[in-house]
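Below you'll find the structure, written out as structure tokens, and then a few comments.
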Amino acid sequence: MSVLGNTAISFDDEQAMLLEYATNFCDAIGVAEIRARLEEPQPYPADTWQQIVELGWPGIGLPEDLGGSGIGISAAVPVIESMGKVLLGTPLMSSLLAAQLVLRADREAGESVVAALAGGAIGTVAALESEDWDTSAFTARVDANGQLSGAKRFVANGLAAQWIVAAVTDEHSKPALAVIDASRVPATNYRELTLIDLTQRAVDMSLDGLKATQVIRGPGVEAALRDYRLLGALLVAADATGAAASCLRSVVDYLTTRKQFDKLIGSYQALKHPSVEILNQVESSRSFIYHAATLVGAEALDRQAEVACRMAKAKATDTLAFAGDRAVQFHGGMGFTWDCDAQLYIRHAQWTQQQFGDAQHHRQALAPLLLDA
Amino acid sequence: MSVLGNTAISFDDEQAMLLEYATNFCDAIGVAEIRARLEEPQPYPADTWQQIVELGWPGIGLPEDLGGSGIGISAAVPVIESMGKVLLGTPLMSSLLAAQLVLRADREAGESVVAALAGGAIGTVAALESEDWDTSAFTARVDANGQLSGAKRFVANGLAAQWIVAAVTDEHSKPALAVIDASRVPATNYRELTLIDLTQRAVDMSLDGLKATQVIRGPGVEAALRDYRLLGALLVAADATGAAASCLRSVVDYLTTRKQFDKLIGSYQALKHPSVEILNQVESSRSFIYHAATLVGAEALDRQAEVACRMAKAKATDTLAFAGDRAVQFHGGMGFTWDCDAQLYIRHAQWTQQQFGDAQHHRQALAPLLLDA
Amino acid sequence: MNAIVKELEEFRTEVVSWLQANKPADPGFLLPQSFMEVGSDEQLDFLREWQHKVWNAGYLGMAWPREYGGQGVDPLYQSIVDQEMRRQAVPICFNVIGLGWAGPLINDIGTEEEKARYLKGILSAEDIWCQGFSEPDHGSDLGNARTRAERDGEDYRINGTKIWTTLGNYAKYMILLARTNPEAQRKYDGLSFFLAPMDVDGVDTQPIRKLTGEYGFTETFFTDARIPADCLMGAEGEGWKIAMKTLQYERGAEAGAAGGLAFVRIVIDDLLKELSTVTRAGQPLTQDPLMRDQLVQLIMEEKAISLGDKRAAIPALTNDFPFALPLSHKLRWTEYTRRMRQFAINAQGGDGALYVGDERARGGGFWQRAYLNSFSATIGGGTSQIQANIVAEHVLGLPK
Amino acid sequence: MNAIVKELEEFRTEVVSWLQANKPADPGFLLPQSFMEVGSDEQLDFLREWQHKVWNAGYLGMAWPREYGGQGVDPLYQSIVDQEMRRQAVPICFNVIGLGWAGPLINDIGTEEEKARYLKGILSAEDIWCQGFSEPDHGSDLGNARTRAERDGEDYRINGTKIWTTLGNYAKYMILLARTNPEAQRKYDGLSFFLAPMDVDGVDTQPIRKLTGEYGFTETFFTDARIPADCLMGAEGEGWKIAMKTLQYERGAEAGAAGGLAFVRIVIDDLLKELSTVTRAGQPLTQDPLMRDQLVQLIMEEKAISLGDKRAAIPALTNDFPFALPLSHKLRWTEYTRRMRQFAINAQGGDGALYVGDERARGGGFWQRAYLNSFSATIGGGTSQIQANIVAEHVLGLPK
């Protein structure tokens, strides 16, 4: 058996239609609309979330009997990739991941919150407690009465979320999920973050004094957290892949219109060949995300799926980091300005790198999977 | 104190004259003379060693009262760098290192062999026992009577050497140096190696049945072996730096004469910019080797000198590996032929990489020196 | 399972058995990993015998007509054979210019007489073919070929020099690109395409020694060499078009090639196997964290290329940058290969300094030779630098 | 120790004491690391006060004549001050175009009247200077500048647009490169050099927002702006020559510049300090083998540049590729800096997503802002791509 393992990619007509639809939906919004909202409380147009709800996208990966779409979570890949293309920072990703986490931890116990999320309530997961992605034991706690304590960091869409799923340690020192109704969280528990990427929103959050609406415990929690991290890595990879492709387009547009020393600058190999390198990396990222999408399903992610998700993340966010960096450079003086879209990509790159672990983090996790088998 | 530590480079007029002399001496031989001898038993012209002896170079770094030149071992750097430029694979490096090893281990005990080496007898060190550079405990043994057993690998100039200094473990399980008179070694103890780099010669060697002329023991041996490895790394770095500079010249010569699509190919940025990258790396390597030359002396090498030698090796052999690889590529079809000098550089690169540890080996040794201070 | 699928499965089983039963024993010398590496008579004799055996068993040129040495069956059968030959790691079918360039071309546009004259000898390995496209002064610039072919009665008179003629010293025929009209307005229109015999007066080959120290190419000199006028393929001036046409057969049996394993792919699994016995700092090399990270990166790179080959077949996932995957494939694979092999030498520690011929060289010096040989792919068929231009211009639409 | 050495030692001690006693307290907002990063009035006021204080203490323009605000001493004294300002990490002397470009030029080739009018204000920071070389459509192509200066009686009439005018909205004067003769045969010969006042009608500045979100440059529009004819430096047509001359002062006080710390160097020690508190996989980040290897590589790269600066002063060790070290310095340092800062963000883990303004951002978002700002150096003053061309052509002799 080759160390390359499973190399399947399948993509059926239904998925192709979804990709096409999502692409058109996002293109109709466009980067300019996002740029206009960078310094607004909400980084996407007012009616966008309602449209997404009407399209049923928050139900992706959720069972029909809970209001879900009935299609697999892999369908989130083309949707999130398309959103990445226009840097559309809606809460769809955090909502989908919150729902997956609860569903996988304990479907029965989580029914009501999953149904709410499937119906368009905004959700998020509060897992990290420091800058270190690797902390798997949580210092945040829940007691037998659902009373919470501790603090969480980097909670995506924390202010917009109606349901916050916090990963905590319970009174038996086991991991548990505390489902928090945001309507009962005092504003002072949140601290909105100033992010390098203005297309995103996040908070640090104190759990002190809060009470969980519901606490999900049991053997499924740990496995669900693992799947959550892997699916999170995959969806961020899809986002980064889309963004990197757009970033490349913006570079190509500039290189085919800007002249210097009387030549289109795109004719210089010093710009041309690195652009090809970006393309090749985008193509690799795209292969990885759709390969991972082929392997993830409703069941607990197996080893091949884990390898696929980690490779996708390891490749895609490095790709965007490289693309964003070169985009600024290749736009010359223009690239150094706020008004050039290159800044959006280079900033988004820093955000996506930091979500669910950077490339090195995932390669370190891949090493035993690939080399010690 | 900055982590950069000591950044001194000094180079006096005497050293400058030596460099100029060595450059002219080697240029007068030239790469073509070396190329003509690739498949001969001796890879350099017949009278070259005698000339080197007359110049007193085997005495570099050795005390005048033992027939040495009285100038420091750092003077070997410009000489070996100059030899590297024309890929002159004489036994000077292995002789100098053998003398340094013995001198540093126990000057008194080693007097006669050091004097012989200073006078032009060819020497070498037999240290490695496997492909692993890191083995510091030797399985080769010497008993109380000087009787040897075991085997050594990758002994540079093993067939040409008159004195072989073998690093062994003695009957008290301590490291010791066995000085072997090659005139008493049966030919069957040697196995000449087929090397990728035809400008060099080396053997694997059995010590079984041999008797040491002299065994040097004592506390100085371990420290001397450490200095030997560091000085070896530095001299190979000097060799690689010279070779990389010549390799770059050969690339530039081709790029300024060869036309493709009616343009000199040197005008294409795809070739131009990597050539600049080679240059920058050659310049870095050169700074490192002359910095290290500034810091090494007759005393045991201190921490700053160790850092300098390791950085020199870590940079210079990667530089030559990159330069050789690009030289083949940039010569196009011509580069793929035996008759193009690019093959000499790319092959020499593999040899220098493997001598005294590759870049990663040295960076791994640098990490605690730099980061855990 | 339907009948056709079942039949193909059975066929595959039969092929595997045959290959396992007939795979030649290690001859005691390193075998070429591609047809460009045949450097000695012993290698040639060995490979000729092997190809003949494969053909005799009915496993080569299966989709070619029976009357010309083929089996006349669906190319799918040949594809199965090709897959299994790779999987079973048997030697290559070395007559590649015949099997994959000249043969399919003759099958496509040749006359009945040409088919009868050439095809069977290609399959049986009796007639070795070579290619005469590149010239010494215009390596990457095929359209500028200067070798002249002048019509002279019943012959063409050929003058000029071709280079990188693989198997040039063994070949009976050459597919030759030569200039019949130096005055043509577009330089491409002055070129014509010939099936030229090598055993005529005025054709001399000079072996070229490669940087590996081995042979495998020749320079081919034409000095008033006369070849019969009916060696011309198509019409005068169609040389460029026909030369471009030959490139399409690269895609294998289903595109018309005779099939057969053309080269040994060296993959990351081979490297992992080699390194499993190397130690570094007293530990297995594969436990070193830095080595592990580099290996993971190489695995990812190779996997990305494999996945790309799969994705290339899914239109909905390739319309973003159309043709990016096929047009970049050579660049990516050959550059990956070069770096992987370079890494393989380094990772061996001291052993990396040994070479083919040393009894203790790992794999007989396999990786060292493979690294040096890797440049034939990053230089030949358009250097990597030119490949990058092609991708930039044809996929991204960047200006020339 | 001889008397001069002793005096310089004592002077250094005195400077250090003064700097330690007078180094301003943290103002509570991030200070600019270069004069190109002055984006707010509070930053400007702070820096103006600091420069004035330094000058008042006699530590700026020390080698300039006493009658124009200097001290008339050997430039060595200023070099000592500059070294110690860097070592003590005090704020920058921000009036860089005055101190390092316009001032030394006026000192060199200006009239007595010009010296009297301009020099003291440069040192005291009363008169801020800016530079008008680049234009929107010819970023890297200075010789193509289109801004027109037409002689009209006692004035020149200026029309055109300059871009990347650092401190343009605060500056009283601009060193301006404009075209007086559009018909000159060589485009360079049509350019002239002016010391232009900014407070005349027809000069408008438009702040440019940088990718960091901050300000620091303007675009400067000239619409029939009239400046007195005696603003011309040298003769008409000498503009290119004079502009090139200004570049030489970059080498510091000993080349004629007034001195002062022009920018804060961000070095590997700063990074190591920052990362000392980061954890990765529950361990200190600096214990991770992959991070360690990357840090060692960065340390080596920075050390190689430092060593190169030393070696550049040793003729016997630089005659191999003459000018390689000085001509490649900008390319190497700015590209190293960019990568080091990029690494610094990544190494922070989750914290790397924060930015200036977040109370928990490490160093107040220092590294994130520094990375984004690093492009001013890889783009400005000739992009890295153009720098590579310069090295290729001038050091290696490769063709244009």
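Residue numbers (the working numbering), protein chains in the order written: chain L, 0 to 372; chain S, 0 to 372; chain W, 51 to 450; chain A, 51 to 450. Ideal placement from N, C-alpha and C gives every residue a C-beta, glycine not left out.
In this structure, the beta-carbon distance from alanine 139 of chain L to glycine 149 of chain L falls below 8 Å. The three-state secondary structure of glutamate 443 of chain A, taken from DSSP, is helix. Interface residue (Cβ-Cβ distance to chain W less than 8 Å): alanine 269 of chain S is classified as such. The beta-carbon distance between alanine 307 of chain W and glycine 150 of chain W, rounded to whole angstroms, is 4 Å. This is short enough to meet the 8 Å contact definition.
Here DSSP, grouped into helix, strand and coil, assigns arginine 389 of chain A to helix. Residues of the stretch 270-281 of chain S with a C-beta atom less than 7 Å from some C-beta of chain L are His272, listed in chain order. For the pair aspartate 169 of chain S and leucine 100 of chain S, the Cα-to-Cα distance works out to about 17 Å. Taken through DSSP and simplified to helix, strand or coil, proline 174 of chain L comes out as strand. DSSP places asparagine 369 of chain W in the coil class of the three-state scheme, outside both helix and strand. Contact check between the stretch 234-245 of chain S and the stretch 310-323 of chain S: three or more CB pairs, one atom from each, fall below 8 Å, which counts as touching. With a contact defined as Cβ atoms closer than 8 Å, arginine 229 of chain A and arginine 196 of chain A qualify at about 6 Å. Not a single CB atom of chain S sits nearer than 8 Å to the CB of lysine 170 of chain W.
For valine 251 of chain S, at least one C-beta of chain A is nearer than 8 Å to its own C-beta. Sequence-distant Cβ neighbours of alanine 292 of chain L in its own chain, meaning closer than 7 Å and more than five residues away, are Ser73, Val76.
At least 8 Å separates the beta-carbon of proline 42 of chain S from that of leucine 263 of chain S. In terms of Cα proximity to methionine 390 of chain W, the closest of W:Leu345, W:Leu245, W:Asp359 is W:Leu345. Using a Cβ-Cβ cut-off of 8 Å, aspartate 408 of chain W is close to Leu192, Thr193, Leu194 of chain S, given in chain order. Here valine 250 of chain W carries a coil assignment [DSSP, helix/strand/coil]. Alanine 293 of chain A is positioned such that its CB atom lies no closer than 8 Å to that of tyrosine 299 of chain A. For methionine 294 of chain A, the enclosing alpha helix (DSSP H) starts and ends at 289-297.
Taking the CA atoms as reference points, tyrosine 386 of chain W sits about 42 Å from alanine 35 of chain L.
Around glycine 122 of chain W, the same chain offers Pro115, Arg116 as residues with beta carbons nearer than 7 Å, after the five sequence neighbours per side are excluded. Among the CB atoms of chain S, one or more fall inside 8 Å of the CB of arginine 342 of chain A. The alpha-carbon of tryptophan 56 of chain L is positioned some 22 Å away from that of glutamate 107 of chain L. DSSP, read as helix, strand or coil, puts glycine 240 of chain A in helix.
With fewer than 16 other beta carbons inside 10 angstroms of its own, aspartate 91 of chain W counts as exposed. Taking one beta carbon from each stretch, the stretch 438-446 of chain W and the stretch 273-286 of chain L have 3 or more pairs nearer than 8 Å; the two touch. Of all residues in the stretch 393-404 of chain W, only Ile395, Asn396, Gln398, Gly399, Gly400, Asp401, Gly402, Ala403, Leu404 place a beta-carbon less than 7 Å from a beta-carbon of chain S.
Residue environment analysis places leucine 297 of chain W among the exposed positions, since fewer than 16 neighbouring C-beta atoms fall within 10 angstroms of its C-beta. Of the other Cβ atoms in all chains shown, 16 or more fall within 10 Å of the Cβ of histidine 361 of chain S; this residue is therefore buried.
By the Cβ-count criterion, arginine 382 of chain A is buried, with 16 or more other Cβ atoms from all chains shown falling within 10 Å of its own Cβ. Comparing alpha-carbon positions, the option among A:Pro365, A:Thr216, A:Gln347 lying closest to glutamine 280 of chain S turns out to be A:Gln347.
Assigned with DSSP and collapsed to three states, tryptophan 214 of chain A falls in strand. In the three-state reduction of the DSSP assignment, isoleucine 121 of chain L falls in the coil class, being assigned neither a helical nor a strand state. Of the other Cβ atoms in all chains shown, fewer than 16 fall within 10 Å of the Cβ of glycine 407 of chain W; this residue is therefore exposed. Only those residues of the stretch 325-339 of chain W whose C-beta falls short of 7 Å from the nearest C-beta of chain A are listed: Pro339.
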